[in-house]
Amino acid sequence: MVELGQISIGYQRELLYRRHDGSYSAFGNVDDSGSTWLTAFVLKSFQQARQYIQVDTDQLKETTDWLLRLQGTQDGCFESVGKLINKQMQGGINSGNEVSLTAYVMAALLEAETPKDDPIVSRAALCLTNDTSTHPYALATKAYALALASHPNATSLLQKLLSQAAVTKNAMYWNLPKGNSRAVSLETAGYAILALMTHDPKTNEEKARKIVKWITTQRNGQGGFYSTQDTVVALQALATYEGHLHQETLNVKAVVTANNFTHTFTITDNNKLLEQYQSLPTLPTTVSINMTGQGCVVLQAVQRYNIPQPEPSDAFTLTVNTITTPDKQCTTKRITACAAYRLPDQKSNMAVIEVDLISGYIPEKQDLKQMLKLDPNIKRYEVDGSKIHFYMDELLVEDTCVNFRVIRQVDVEDVKPGTVIVYDYYQPEFSISKRYTLPPPEECR
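In terms of UniProt numbering, the sequence shown has 379 at position 379, counting the first letter as 1, and numbering is strictly consecutive.
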């Protein structure tokens, strides 16, 4: 099956980020140490993959042992080691708070079949129950971890979490304090579903259904959500919810009408995992949908359009400069893009500077490699067609710059400007972009 092949490829690729001590980090052995959060994430992911592909159990044990060495003997909390590239894992509220990180590691260990009565689990539960924070994200992660452990405090945490929810006829969600991203709101909802369905699926099914309905309204046109991590949590939550439902025969027909156009979608148990889509031939139009049958399906309408320049976030500054580098053929230019972080917490999550090259130009690969040696904050680059992605642990208040030559390989007439985008990997709404042009050939003569 294609899906099993993709899982196997993903497993092999992830092993490239494994370090000699069994831990994992965003940039592998380039980093100074493994990451507590990422190692826990890999552990739970590999455990989930074991039911479909062969996974090296000895390596899983090494990874587990590395995590266990980070647990405090007194308070039971797990130490944050390595770059915590998603700041919201620090409790979503207080810098340096390791409680939500401990909840995440505890949940990962339990999902990886660590026994509930293991002293490791008991000590981690002590860390969570001693914490008094009431931020919805912290409550949701703690409630899920304790529910997995069948801990009695899971009930009271769920009650506190639900008391803070915004509830409408068909939805339940959490309005987080200012400064939290939409991705964190989605993660909170996902962990709430996981906690509810782990704690008591029969009693909590109606509450979870409302959260599921809200989550489906947040999905983007590609099938994901805001960022990688919230998409992973949301998909796990939706799959867990679906797995607990009483399964009746699925047979739904959805008739879509738009002016003189009509199309019928038929969804049954035989094709429920197959995405069906249909383009509307004429826009603008009025769309009506008539659904009959029994079962639960999701129908999404996606409208795509271009805008000249997206509204910039105030999280970053960005400057782009280009110059001509003299050579005999007048084909070499240099691009310098500098970005800095502007918000009060003074550092971003993992950030990306994305440079979209002007048609006809290719990057000087030696310059890209040299940047990794000169600036330790630039951890990795990827060339994807005309785009170059530079990955950084974080952006600070001081400028971080990428500086490299591009060489004209093909003469292209009437070229359009290139674009540089800076964005926070885990809060993609924190984004700014600028267009740039290259100096004309006459400048080098």
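Built from N, CA and C at the ideal position, the CB exists for glycine as well.
Taking all protein chains shown into account, decide if residue i is buried (16 or more other Cβ within 10 angstroms of its Cβ) or exposed.
i	result
K333	buried
R304	exposed
N270	exposed
Q229	buried
Q71	buried
G385	exposed
I193	buried
V184	buried
K169	exposed
N94	Interpretation of N94 is limited by its pLDDT of 43, a score under 50 that renders its predicted location unreliable; the figure taken from the coordinates is listed afterwards. Label assigned to N94: exposed.
residue 446	Past the boundaries of the shown model lies residue 446; the chain is included only from 1 to 445, so the question cannot be answered.
I307	exposed
Y381	buried
S279	exposed
Alpha carbon to alpha carbon, how far is residue j from residue i? Give it in angstroms, no decimals.
i	j	result
K412	Y423	It should be noted that the sequence gives Val, not Lys, for residue 412. Between V412 and Y423, the C-alpha separation is close to 29 angstroms.
E111	A103	12 angstroms
T188	F265	33 angstroms
A171	T217	10 angstroms
Q59	L15	10 angstroms
Y11	Q276	28 angstroms
A234	T198	15 angstroms
I388	P363	9 angstroms
E206	L101	29 angstroms
F225	S359	31 angstroms
L43	Q409	44 angstroms
G91	Q366	Reliability of the predicted coordinates at G91 is poor, the pLDDT of 43 falling under 50, and the value obtained from them is presented with this limitation in mind. If you take the alpha carbons of G91 and Q366, they lie about 41 angstroms apart.
R50	E311	44 angstroms
V99	G22	23 angstroms
V397	L4	44 angstroms
T437	Q427	28 angstroms
I335	S33	32 angstroms
L238	A147	17 angstroms
M371	R219	36 angstroms
T325	D356	19 angstroms
Among the options, which residue has its Cα nearest to the Cα of residue i?
i	options	result
H20	T63, A171 and S8	T63
Y341	D399, Q51 and Y17	D399
N204	L158, W174 and T228	L158
C296	V355, P417 and K213	K213
L250	I407, P439, L273 and T231	L273
residue 495	Q278, S156, Q48 and T134	Outside the modelled stretch of the chain, which goes from 1 to 445, sits residue 495, for which no answer is possible.
E248	D32, Q294 and L68	Q294
Does at least one heavy atom of the ligand MN sit under 8 angstroms from the Cβ of residue i?
i	result
D356	What this structure holds is no ligand at all, so the ligand MN is not there to describe.
Within the 9 angstroms Cβ cut-off, does residue i reach chain C?
i	result
Q229	Protein chain content of the structure displayed is limited to a single chain, and chain C is not contained in it.
Cβ contact check for the stretch 116-125 and the stretch 69-81: 3 or more pairs under 8 angstroms: With a cut-off of 8 angstroms on Cβ pairs, the stretch 116-125 is in contact with the stretch 69-81, counting three or more such pairs.
Cβ contact check for the stretch 317-331 and the stretch 376-392: 3 or more pairs under 8 angstroms: When Cβ pairs closer than 8 angstroms are counted between the two stretches, the stretch 317-331 is seen not to touch the stretch 376-392, the count staying below three.
Every unbroken beta strand (DSSP E) inside the stretch 224-249 [3 residues or more]: The qualifying runs do not exist here; there are none.
The stretch 249-262 / the stretch 286-293 touching (three or more Cβ pairs under 8 angstroms): Enough Cβ pairs lie closer than 8 angstroms, so yes.
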